[in-house]
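Report on one structure; see the data block that follows.
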Amino acid sequence: MKVEISVPEVVSIFKEIQQKPGNIFEMIRVEIKESVGQYLTKLMDLERTEFLGRQWYEHAQGDVNHRNGSYSPQFHIKRYWSRQG
1 MKVEISVPEV VSIFKEIQQK PGNIFEMIRV EIKESVGQYL TKLMDLERTE
51 FLGRQWYEHA QGDVNHRNGS YSPQFHIKRY WSRQG
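So that you can map any letter, position 63 of the sequence shown is 63 in this note's numbering, and since no number is skipped, the others follow by simple counting.
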């Protein structure tokens, strides 16, 4: 993939970052949140596959344990710190 960008576009981007630095941090925050969400989703899917002992759409004879859909939970992480930092 090749991305071409002109010098005036680069100058414009840097000026916007200088004027509104919060925007770039918000964009980075959203990207990180999405990446972590995708990583955790994949990790939980692999754990479920290991637990069930079979891949998606693979059925075992007489097994009643199935994948039953998904949901999107909202979660918050608490950060704890010591008195010394």
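Built from N, CA and C at the ideal position, the CB exists for glycine as well.
| request: Could you spell out where the alpha helix (DSSP H) holding residue 37 opens and where it closes? | output: Segment 21-52, the alpha helix (DSSP H) holding residue 37.
| request: Tell me whether residue 73 sits in a helix, a strand or coil according to DSSP, three-state version. | output: Under the three-state reduction of DSSP, residue 73 is assigned to coil, being neither helix nor strand.
| task | Would you mind stating whether residue 24 and residue 32 have Cβ atoms separated by less than 8 Å? | result | no
| Whose CA, out of 52, 37, 46, 59, lies closest to the CA of residue 74? | 37
| Expressed to the nearest angstrom, what Euclidean distance is found between the alpha-carbon atoms of residue 19 and residue 7? | A direct Cα-to-Cα measurement between residue 19 and residue 7 gives close to 18 Å.
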